[in-house]
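*Asks:* This is the structure I have questions about; it appears just below.
Residue numbers (our numbering): 60 to 456.
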């Protein structure tokens, strides 16, 4: 029996490494675009604060489709949705490179938000499928480390391409890299230890409606707390990715320096994520999540008031250290709580939380930029992190 468990763990680890490699390429391609996407949006808009509004459109589209996608992945499997997502995202990126119309830009933002959902939802569900009970923090951290390696590489590549050529070239590069990585997606297995459970659940709950899932979610206090933490975390991520480049551009830094700033800031995810995942498995994930919020709050406060590049780089790296405590352990803790046959559904719920954060972040930051100037872009994140820290402690007590 023990030999069989060890063999299954080895098989799951190989599948995890394949999935993680796919999402290293996925993250690298998208972050090569995200580095310059705010500058691209600004070409169509008169004022920089409007960039946040247009950027939020993609997240709104993703928010609407996330729950349905999660439920669908439990019924049909993950692989088909993953392939469809890669193809759709690649097509939308090509269209971004050709677009010259503001109205088409808005449609492309909507299409991009919808196309991204299956990849994000099914990847998290697949990691949950593959994770052994006692190694959930570690497995999610392995996946996160690979994905963040792509986030580390992508902005540097994207900044270099934009500096040497034109920002529209970034979209062509990203689309081609996604098509290349699609070859690896076909090698994934969709018949893991939970496939039979999912099939039975699909038959038993065929007529179950979305409202039933939401009721089940709302009855669980810790899941609600983790979802709120997810909203806050991705609120910050969106503020960083949308207004970080605009803030550095305002200070006079080139696209290459902006890409370097975004890329190097991800170093903590590469260095500390796996050790922290293992530590979370041993001493408890909630404790580390709280520590992460404290670290992040301390260093987000001064971010918009710095000008020297070394100070900006050190500060954003320390903020990322804090978020390294938070992101993988939220997903691992969700895996501890929810039943295996519902991994896709709950991945959809938490993808909705991410998209809600992605949507609210640029909008809230836009208001502060409009009222006080671009140096105040990150203050809404500080306020929300403080509220989240307080509420999370209350909900867990």
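Even glycine gets a Cβ: it sits at the ideal position worked out from N, Cα and C.
Could you name each continuous alpha helix (DSSP H) segment of 4 residues or more that falls completely within the segment 136-201, going from the start of the chain to the end?
*Replies:* Counting whole runs of 4 or more residues, the segment 136-201 contains the alpha helix (DSSP H) stretches 138-157, 161-189.
*Asks:* Excluding sequence positions up to five away, which residues of its chain have a Cβ less than 8 Å from the Cβ of residue 364?
*Replies:* For the purposes of this step, residue 364 is taken as the residue at position 305 of the chain shown. Hits under 8 Å: 434.
*Asks:* Could you tell me the alpha carbon to alpha carbon distance between residue 335 and residue 86, rounded to whole angstroms?
*Replies:* Counting from one through the chain shown, the residue named residue 335 turns up at place 276. Counting from one through the chain shown, the residue named residue 86 turns up at place 27. For residue 335 and residue 86, the distance between alpha carbons rounds to 21 Å.
*Asks:* In or out: residue 237 buried (at least 16 other Cβ within 10 Å) or exposed?
*Replies:* Here residue 237 refers to the residue found at position 178 when the chain shown is read from its first residue. Answer is buried; the Cβ neighbour count reaches 16.
*Asks:* For the alpha helix (DSSP H) that residue 280 lies in, which residues bound it at each end?
*Replies:* As a position in the chain shown, residue 280 is number 221, starting the count at 1. Looking at the DSSP string, the run of the alpha helix (DSSP H) that includes residue 280 is 280-310.
*Asks:* Take residue 292 and list the residues in its own chain whose beta-carbon comes closer than 7 Å to its own, dropping the five residues that flank it on each side.
*Replies:* For the purposes of this step, residue 292 is taken as the residue at position 233 of the chain shown. Excluding positions up to five away in sequence, the list reads 382, 385, 386, 416.
*Asks:* Please work out which residues of its chain come closer than 6 Å, Cβ to Cβ, to residue 410, disregarding the five sequence neighbours upstream and downstream, and give them in chain order.
*Replies:* Here residue 410 is taken as the residue at index 351 of the chain shown, counted from 1. Excluding positions up to five away in sequence, the list reads 125, 179, 180.
*Asks:* Measure the C-alpha to C-alpha separation of residue 161 and residue 202 and round it to an integer number of angstroms.
*Replies:* Counted from its first residue, the chain shown places residue 161 at position 102. Counted from its first residue, the chain shown places residue 202 at position 143. Between residue 161 and residue 202, the C-alpha separation is close to 37 Å.
*Asks:* Does DSSP put residue 227 in a helix, a strand or coil?
*Replies:* The residue given as residue 227 occupies position 168 in the chain shown. If DSSP states are grouped into helix, strand and coil, residue 227 belongs with the helices.
*Asks:* In chain order, what residues of the same chain have a beta carbon less than 7 Å from the beta carbon of residue 143, not counting five sequence neighbours either side?
*Replies:* Counting from one through the chain shown, the residue named residue 143 turns up at place 84. Contacts found: 177.
*Asks:* Using alpha carbons as the reference points, say which of 105, 127, 100 lies closest to residue 114.
*Replies:* Residue numbering aside, residue 114 sits at position 55 when the chain shown is read from its first letter. That would be 100, whose Cα lies nearest to the Cα of residue 114.
*Asks:* Helix or strand or just coil, what does DSSP make of residue 410?
*Replies:* For the purposes of this step, residue 410 is identified with residue 351 of the chain shown, where counting begins at 1. Correct three-state label for residue 410: helix.
*Asks:* Does the beta-carbon of residue 97 have 16 or more other beta-carbons within 10 angstroms, so that it is buried, or is it exposed?
*Replies:* Taking the chain shown and counting its residues from 1, the one referred to as residue 97 is at position 38. Flag for residue 97 reads buried.
*Asks:* Under 9 Å, do residue 290 and residue 413 count as touching if we go by C-beta distance?
*Replies:* Residue 290 sits at position 231 when you count from the first residue of the chain shown. Residue 413 sits at position 354 when you count from the first residue of the chain shown. Yes; because the gap between Cβ atoms is below 9 Å, this pair is in contact.
*Asks:* Should residue 183 go down as buried or exposed, given a rule of 16 or more other Cβ atoms within 10 Å for buried?
*Replies:* By 1-based counting over the chain shown, the position of residue 183 is 124. That one is buried.
*Asks:* Decide if residue 389 is buried, meaning its Cβ has at least 16 other Cβ atoms within 10 Å, or exposed.
*Replies:* Translated into the one-based positions of the chain shown, residue 389 becomes position 330. Label assigned to residue 389: buried.
*Asks:* Could you check which residue in 450, 369, 425, 249 has the C-alpha nearest to that of residue 297?
*Replies:* Within the chain shown, numbered from 1, the residue matching residue 297 stands at position 238. Nearest option by C-alpha distance: 425.
*Asks:* Assign residue 314 to one of three DSSP states: helix, strand, or coil.
*Replies:* In the chain shown, the residue the question calls residue 314 occupies position 255. Helix, per DSSP.
*Asks:* Drop a sphere of 10 angstroms on the beta-carbon of residue 204, count the other beta-carbons inside from all chains shown, and report buried for 16 or more, exposed for fewer.
*Replies:* For this step, residue 204 is matched to residue 145 along the chain shown. Answer is buried; the Cβ neighbour count reaches 16.
*Asks:* Below 8 Å, is the gap between the Cβ of residue 93 and the nearest heavy atom of the ligand ATP?
*Replies:* Ligands in the displayed structure: none, and consequently the ligand ATP is not present.
*Asks:* Any idea what DSSP makes of residue 128, helix, strand or coil?
*Replies:* Numbered from 1 along the chain shown, position 69 holds the residue referred to as residue 128. Here residue 128 sits in helix by DSSP.
*Asks:* Please determine, among 371, 427, 95, 408, the residue with the shortest C-alpha to C-alpha distance to residue 286.
*Replies:* For this step, residue 286 is matched to residue 227 along the chain shown. For residue 286, the nearest C-alpha among the options comes from 408.
*Asks:* Measuring alpha carbon to alpha carbon, tell me which of 185, 444, 175 ends up nearest residue 248.
*Replies:* Here residue 248 is taken as the residue at index 189 of the chain shown, counted from 1. Residue 185 is the option with its Cα nearest to residue 248.
*Asks:* CA-CA distance, residue 459 and residue 69?
*Replies:* The chain is shown from 60 up to 456; residue 459 falls before or after that span and cannot be answered.
*Asks:* What span of residues does the alpha helix (DSSP H) with residue 435 cover, start to end?
*Replies:* Within the chain shown, residue 435 is the residue found at index 376, counting from 1. First-last for residue 435: undefined, no H or E at that position.
*Asks:* Under a Cβ-count criterion, where at least 16 other Cβ atoms within 10 Å of its own Cβ denotes burial, should residue 344 be classed as buried or exposed?
*Replies:* As a position in the chain shown, residue 344 is number 285, starting the count at 1. When all chains shown are included, residue 344 counts as buried.
*Asks:* Take residue 80 and list the residues in its own chain whose beta-carbon comes closer than 8 Å to its own, dropping the five residues that flank it on each side.
*Replies:* Position 21 of the chain shown, counted from the first residue, corresponds to residue 80. Here the set comprises 205, 243.
*Asks:* Do you know whose CA, among 419, 333, 373, lies nearest residue 208's CA?
*Replies:* What you label residue 208 is simply residue 149 of the chain shown in a count that begins at 1. Cα-wise, what sits closest to residue 208 is 333.
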